[in-house]
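K.L.:
Please find one structure pasted underneath; my questions will follow.
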Amino acid sequence: MDGAGATGAITCAAGFAAGFAFFFLAAFFLAAFFFAGFFLAAFFLAGFFTAFFFAVFFFAAFFFFFFAGFFAAFFAFFFVAITASIKS
70 MDGAGATGAI TCAAGFAAGF AFFFLAAFFL AAFFFAGFFL AAFFLAGFFT
120 AFFFAVFFFA AFFFFFFAGF FAAFFAFFFV AITASIKS
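Its first residue numbered 70, the sequence shown is counted upward by one per residue in this note's numbering.
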(Lines of atoms letter the chains of each structure in order from A; the text may use other names.)
(Lines give C-alpha, C1' and ligand atoms only; values in the text may rest on other atoms or scores of the structure.)
Protein backbone atom coordinates (compact mmCIF):
# COMPACT_ATOMS: atom_id res chain seq x y z
CA MET A 70 0.00 0.00 0.00
CA ASP A 71 1.35 3.43 -0.89
CA GLY A 72 1.30 6.50 1.30
CA ALA A 73 -1.94 7.84 -0.13
CA GLY A 74 -3.73 4.54 0.52
CA ALA A 75 -2.47 4.38 4.09
CA THR A 76 -3.51 7.97 4.71
CA GLY A 77 -6.95 7.24 3.32
CA ALA A 78 -7.33 4.15 5.50
CA ILE A 79 -6.28 6.06 8.62
CA THR A 80 -8.62 8.94 7.80
CA CYS A 81 -11.48 6.52 7.20
CA ALA A 82 -10.79 4.68 10.47
CA ALA A 83 -10.58 7.94 12.40
CA GLY A 84 -13.84 9.16 10.89
CA PHE A 85 -15.60 5.91 11.66
CA ALA A 86 -14.29 5.92 15.24
CA ALA A 87 -15.43 9.52 15.73
CA GLY A 88 -18.90 8.68 14.45
CA PHE A 89 -19.01 5.54 16.57
CA ALA A 90 -17.93 7.49 19.66
CA PHE A 91 -20.57 10.17 19.05
CA PHE A 92 -23.27 7.54 18.56
CA PHE A 93 -22.40 5.67 21.76
CA LEU A 94 -22.08 8.77 23.89
CA ALA A 95 -25.35 10.16 22.55
CA ALA A 96 -27.15 6.84 23.07
CA PHE A 97 -25.86 6.37 26.61
CA PHE A 98 -26.58 9.94 27.65
CA LEU A 99 -30.10 9.77 26.21
CA ALA A 100 -30.66 6.52 28.10
CA ALA A 101 -29.29 8.13 31.27
CA PHE A 102 -31.66 11.08 30.96
CA PHE A 103 -34.61 8.82 30.21
CA PHE A 104 -34.07 6.46 33.13
CA ALA A 105 -33.13 9.28 35.49
CA GLY A 106 -36.33 11.11 34.58
CA PHE A 107 -38.41 7.97 34.94
CA PHE A 108 -37.05 7.07 38.38
CA LEU A 109 -37.12 10.69 39.48
CA ALA A 110 -40.84 10.93 38.67
CA ALA A 111 -41.58 7.52 40.19
CA PHE A 112 -39.85 8.31 43.49
CA PHE A 113 -41.27 11.82 43.64
CA LEU A 114 -44.82 10.56 43.17
CA ALA A 115 -44.25 7.78 45.70
CA GLY A 116 -42.98 10.27 48.27
CA PHE A 117 -39.43 8.90 48.42
CA PHE A 118 -37.77 11.85 46.75
CA THR A 119 -34.91 13.04 48.95
CA ALA A 120 -31.74 15.01 48.37
CA PHE A 121 -29.68 11.94 49.27
CA PHE A 122 -31.44 9.74 46.71
CA PHE A 123 -31.16 12.50 44.11
CA ALA A 124 -27.41 12.87 44.60
CA VAL A 125 -26.61 9.15 44.72
CA PHE A 126 -28.79 8.16 41.78
CA PHE A 127 -27.60 10.90 39.46
CA PHE A 128 -23.95 10.40 40.36
CA ALA A 129 -24.22 6.65 39.74
CA ALA A 130 -26.22 7.01 36.51
CA PHE A 131 -24.01 9.61 34.88
CA PHE A 132 -20.81 7.95 36.09
CA PHE A 133 -21.89 4.59 34.65
CA PHE A 134 -23.28 5.87 31.35
CA PHE A 135 -20.40 8.25 30.73
CA PHE A 136 -17.73 5.62 31.28
CA ALA A 137 -19.68 2.96 29.42
CA GLY A 138 -19.86 5.27 26.41
CA PHE A 139 -16.24 6.32 26.80
CA PHE A 140 -14.89 2.77 26.89
CA ALA A 141 -17.15 1.64 24.06
CA ALA A 142 -15.80 4.45 21.89
CA PHE A 143 -12.24 3.78 23.07
CA PHE A 144 -12.34 0.10 22.15
CA ALA A 145 -14.22 0.82 18.93
CA PHE A 146 -11.38 3.08 17.81
CA PHE A 147 -8.78 0.37 18.43
CA PHE A 148 -10.94 -2.26 16.75
CA VAL A 149 -11.22 -0.10 13.64
CA ALA A 150 -7.51 0.79 13.70
CA ILE A 151 -6.45 -2.86 14.05
CA THR A 152 -8.91 -4.00 11.38
CA ALA A 153 -7.70 -1.30 8.98
CA SER A 154 -4.05 -2.19 9.61
CA ILE A 155 -4.69 -5.91 9.07
CA LYS A 156 -6.52 -5.29 5.79
CA SER A 157 -3.76 -3.02 4.47
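Beta carbons are placed, not taken as given, at the ideal position from N, Cα and C, and that holds for glycine. Just so it is clear, the structure is predicted and the values come from calculations on it, not from any experiment.
Taking 7 Å as the limit between beta carbons, can you name the residues of its chain near residue 101, skipping five residues before and five after?
P.N.:
So the qualifying residues of the chain are 130, 131, 134.
K.L.:
Buried or exposed: residue 128, going by 16 or more other Cβ atoms within 10 Å of its Cβ?
P.N.:
With fewer than 16 Cβ atoms within 10 Å of its Cβ, residue 128 is classed as exposed.
K.L.:
Is residue 147 close to chain B, meaning its C-beta is less than 9 Å from at least one C-beta of that chain?
P.N.:
Chain labels in this structure do not include chain B; a single protein chain is all it has.
K.L.:
Beta-carbon within less than 6 Å of residue 141's beta-carbon, same chain only, minus the 5 sequence neighbours each way: which residues are those?
P.N.:
The residues are 93.
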